[in-house]
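Add 91 to a position in the sequence shown, counting from 1, and you land on the number used in the working numbering.
The beta-carbon is built from N, C-alpha and C at its ideal position, and this holds for glycine as well.
Written below as structure tokens is the structure these notes are about.
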Amino acid sequence: MPRAEGGYRPGYEVAAEQVLELIARLQLRPGDRMPTENELARQLGTSRTVVREAVKILSALGRVRAQKGRGLYVADDEGMLGTGRWASFFLPTDLDHVYMLFEFRRTQETETSRLAAHRATPAELRAIEKAADLCREGFETGRADLFNEGDDAFHTAIAAASHNMFLQISVRESRRLQAQSNLIGLRGSVGGRAAKAVEEHSAIYEAIRAGDPDLAGQAAATHVDNTMDDYRSEIQHRLFSPAE
């Protein structure tokens, strides 16, 4: 089994990516029936065991739905972006898709932060601060689970403070798509930037608390830009570092 480090990935991760590519190539829509596990194994040139593990990953991500006795289907839940029309085309390991998603998130989070600076209530400010503190605690204690929980809570709290339900939904769903890149093939690519993220969160919070929309928007844009730059650097490192 290939290793995840140094550019190597487990076979089931590669298979999961290939299944998503197959869905896009066949232009399957949410609710459409997919090839069987045996057929997928034949088309991908791998074992049924590897395909079964890949399907488990894609089921957990909300991209594939397995119905006992009926087969596999493209998932069709109610996610506005996560598993709806857009997700039919989103490939978590396609770098162009990942970078476009970052561009989209930059626009989203810049505007949510600007609106939050205008509209955040005292309770919403406390929620943003609490999330930022949890993220910092996760970094300082080396607990990735706390860091990730705080990171999600921070961005969703800012979206809530924008008082715009469409931004709230789109921020949540675009982060679901981003999480797929972390789980398939790009796992760990932002772990090294936790210290910077903590300070960037603090800058965004302080600007929102000060009621400065321009500063809040710029701080949010800087945060997303820096995250994307770190993704790019990590990908280049994996591509060009010699295998051990």
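Asked	Found
Just to confirm before moving on: does the CB-CB distance between Pro304 and His209 stay below 7 Å?	yes
What residue range is occupied by the uninterrupted beta strand (DSSP E) comprising Arg156?	155-158
Gly136 by DSSP, collapsed to three states: which one?	coil
Around the C-beta of Tyr322, are 16 or more other C-beta atoms found within 10 angstroms, so that it is buried, or is it exposed?	buried
Would you report the Cα separation of Thr198 and Asn129, rounded to the nearest angstrom?	42 Å
Judging by CA-CA distance, which residue of Leu163, Arg263, Ala214 is the nearest neighbour of Arg143?	Leu163
For His246 and Arg205, what's the separation of their Cα atoms in angstroms?	13 Å
Can you give me the C-alpha to C-alpha distance between Arg156 and Leu131, rounded to a whole angstrom?	15 Å
Buried or exposed for Ser272, going by 16 or more other Cβ atoms inside 10 Å?	buried
Leaving out the 5 sequence neighbours to the left and right, which residues in its chain are closer than 8 Å to Gly170 when beta-carbon positions are compared?	Residue confidence is low: Gly170 scores 48 on pLDDT, short of 50, so the model does not pin down where it sits. No coordinate-derived value is stated.
Alpha carbon to alpha carbon, how far is Pro126 from Arg116? Give it in angstroms, no decimals.	13 Å
Of the choices Glu231, Leu149, Gln134, whose alpha-carbon is the least far from that of Glu104?	Leu149
What are the partner residues of Val165, as DSSP defines its beta bridges?	Val155
Just curious, the alpha helix (DSSP H) that Gln199 is in, first and last residue?	186-210
Would you tell me roughly how many angstroms separate the C-alpha atoms of Ala235 and Gly229, rounded to the nearest one?	6 Å
Going by DSSP, what residue range makes up the alpha helix (DSSP H) through Asn239?	235-252
My guess is that Arg300 and Leu186 are in contact by the Cβ rule of under 8 Å, so how many angstroms apart are they, rounded?	The Cβ separation is near 36 Å, so there is no contact.
Got a sec? Which residues, its chain only, sit under 8 Å from Ala251 by beta carbon, not counting five neighbours each side?	Glu215, Ala218, Gln259
Is Gln327 buried or exposed, if buried means 16 or more other CB atoms sit within 10 Å of its CB?	exposed
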